[in-house]
Every structure is written in C-alpha cells, then in structure tokens.
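Per UniProt numbering, the sequence shown starts with residue 1, numbered consecutively.
For reference, the structure is listed below as structure tokens.
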Amino acid sequence: MMRLLRHCLLLMLMWPLTALCAGDIVLTAAQGSTAVRDFVEALRKQRPADQVRFVRVAQLPAPDRLKADTRLILLDTAALDWRLTQAAGPPALALRVTRVQADRRLGGLRPAYLSLLWSDPPLSRQLRLIHYLLPQARRIGVLYAEHSSFLLDELRRAARPLGLEVVAQAWPDTRDSRPVQAVLKDSDVLLGLDDTQLYNPHTAKNLLLSSYARQVPLIGPNAGFVRAGGLASTLSDQQDWLAVLERLLDQPPALWPREHYPEHFRVIGNAQVARALGIEAIDPVAAQQAVAAGEIHP
C-alpha cells in the first residue's frame, strides 16, 4: 500500500511538469477535408505529448487573440491569408503554399512570424531530374505568367552549371495556344512551373496533347499532371512533411526558417508516357538517388 501511495504521489508531482512541456498545436484550413483530417491525425499520433487539434479558419479569432505559445500550422492559402491580417500573434508554419501563391501575397517579404514550407518542388531539383532522365536535353522550355516571371532568374542560375539553356515564353492569355506551340518548337523538354494560372484543369488537355504531338516531354509541375500525361516530377509526400514538422516543432519558433523545402522527396514517373516517347523506363528509386546526390543542405 505504501508503495502504491508513493507511486501516486510521484505521478502527481510529475503532472505539472508534463503539462508545462506539452504544447498547443493548432492546424487550420478553410475546410476539414479527408486529406486534412488524415494529416492532423498523423501529426497527433506523432506527437502524443502535445495537444494537436484542427480548427477551421472561420472559427478562429484574430491572430492576436491566440495564446502567444500556440504553434500554428497553416494548411492552405485561406489560413495563410488569415494569419497575414495581423503581425501580432503566435508564429506559424505555412504548408501547402507555392512560391507563386506567396509572391502574390508577400512579394519578397518574409515576416518574422511566418515560416513558409514550400509545396512546389525546387527548381534546381526539377532540373537535375531532367538532366538525369533526359541527358541529351539542352533547351528547357518554360511558360510563365505575370506572377511566375520572378522565378526565371533563379531557374537560369540553376540551369547554368548543368549546361542547360532556359527557353522562356510568356503566356498571358491561356486561351491563346500560340505561346505553347512556340516554346515547344524551340525546346527539348517543357518544365512546368507550379503556377495555377497556367497549369490547371482547363489548360491540361491543350498542354499535354501539344507536348505529346511535338514529342516534347513535360516535367512537373505536380503529381496530378504526371498522372494525366506528364513524364515525371519530384514531390514530397505527407511523411516527408511530418518529418519536417517533427524537427521544427521541437525547436523554438525563433529558429524556424523563413522559407524551406523538405530534404526528403521521391520521384513519380508515368511509364506509359515514357514508352510512347521512346524514353527508357523510369526507375523512381534510382532517379531519386541520382537527383538527391546533387543536393546541398545547410
């Protein structure tokens, strides 16, 4: 009996320490879709000592009314827009946001309370994938719009060490297919930027049929386009993002990066498209290893 009492007393003494160590992690998005619920549940299992909960954006108060030690995880652009309404409030990790989406809202600004975890694949990573899958390709075609033009200089810098030339073509009106035909005519491969103004369900048929007709493979911009008829892309999945969150949530928010790509990724390829284009079958594991070999992490 005395041993049981001592054990109970020890648990009571330890409880406040456990409560202080536990953190309040709030994930938010416009809607709690199945994908969002799955992600929240996976994070909850990964961090059993924390209080992990999902709250729709519409149900949240203004950012400055949340507790300062709350750790926010923003899961869509609606959540990002909500957090940007005030500088005051707890720091936030923004997932599922692309470089183009952020540029529309922030330009080159990187607020101290915000850590942007990019969902679009790094340009340098996509170029190394092209260099591995299509070693004879030299001219990299790129379509861009007003809000994705800022990526061109970075793309050219990343292409230069690989001996690649960027053939850039503005596409201001997606109802006009002439820019698509022009860039395909002058390119060995088309690299899709993750700009939803250009790459969306309305433009997919024209882009994919045109690239196929010209025998110009499309790399990227995301898994959806690869499944629909693109050749390949790099991407980071839920487990990759959970690994990033596990590391960052154990750090003080002051150490969070202003922007970050996940170190881990995989390669997805479309075997049917590869055969149709006369390209050697894609080995996703070998491709991932070859692309990762060129990564430089701080």
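Beta carbons: idealized from backbone N, C-alpha and C, even for Gly.
Contact check for W118 and R99: beta-carbon distance about 6 Å, within the 8 Å limit, so the pair qualifies. For E263, the secondary structure class from DSSP, reduced to helix, strand or coil, is coil. Here Q126 is buried: its Cβ has 16 or more other Cβ atoms, across all protein chains shown, within 10 Å. Under the rule that a run must span 4 or more residues, the alpha helix (DSSP H) segments found entirely inside the segment 114-182 read 123-133 and 152-159. Cβ contact annotation for A78 (same chain, cutoff 8 Å, sequence separation greater than five): A29, A30 and V57, in chain order. The Cβ neighbour count for N200, taken over all protein chains shown within 10 Å, is under 16; the residue is labelled exposed. The distance from the Cβ of R139 to that of E165 is about 5 Å, consistent with a contact at the 8 Å cut-off. Every alpha helix (DSSP H) of 4 residues or more that sits fully in the segment 189-225 is shown, in chain order, as 204-213. With fewer than 16 neighbouring CB atoms inside 10 Å of its own CB, A62 falls in the exposed class.
Cβ atoms of V267 and A293 stay farther apart than 8 Å, at about 13 Å. Within the same chain, and ignoring the five residues on either side of A170 in sequence, the residues whose Cβ sits closer than 7 Å to its Cβ are Y144 and P179. By a beta-carbon distance limit of 8 Å, V189 does not contact T234. Their separation comes to about 14 Å. In this structure, the beta-carbon distance from L43 to L75 does not fall below 8 Å. Closest in C-alpha terms to G278, from the list R83, D173 and P217, comes P217. Residue pairing by DSSP places G269 opposite A232 in a beta bridge. Remark: C-beta atoms of G229 and L208 approach each other more closely than 8 Å. A49 has its alpha-carbon roughly 12 Å from the corresponding atom of D250. Taking the Cα positions, H202 is about 43 Å away from K67. With a cutoff of 8 Å on beta-carbon distance, L162 and H131 are scored as near each other. In the structure shown, Q31 falls within a coil segment according to DSSP collapsed to helix, strand and coil. Given a length threshold of 4 residues, each whole run of the alpha helix (DSSP H) inside the segment 45-88 is given here in chain order: 77-83.
Counting along the chain, R247 sits inside the alpha helix (DSSP H) bounded by residues Q238 to L249. Note that the C-beta distance between L198 and G141 is not below 8 Å.
With distances taken between CA atoms, P91 lies nearest to A112 out of Q289, A112 and L106. Taking W256 as reference, the option from F265, L245 and H264 with the minimal CA-CA separation is L245. R110 is the residue among R227, Q215, R110 and A287 whose C-alpha sits nearest the C-alpha of H260. If you draw a 10 Å sphere on the C-beta of A159, you find 16 or more other C-beta atoms in it, and that means buried. Per DSSP, R99 is not a residue of any beta strand (DSSP E); the alpha helix (DSSP H) it occupies stretches across R99 to L106.
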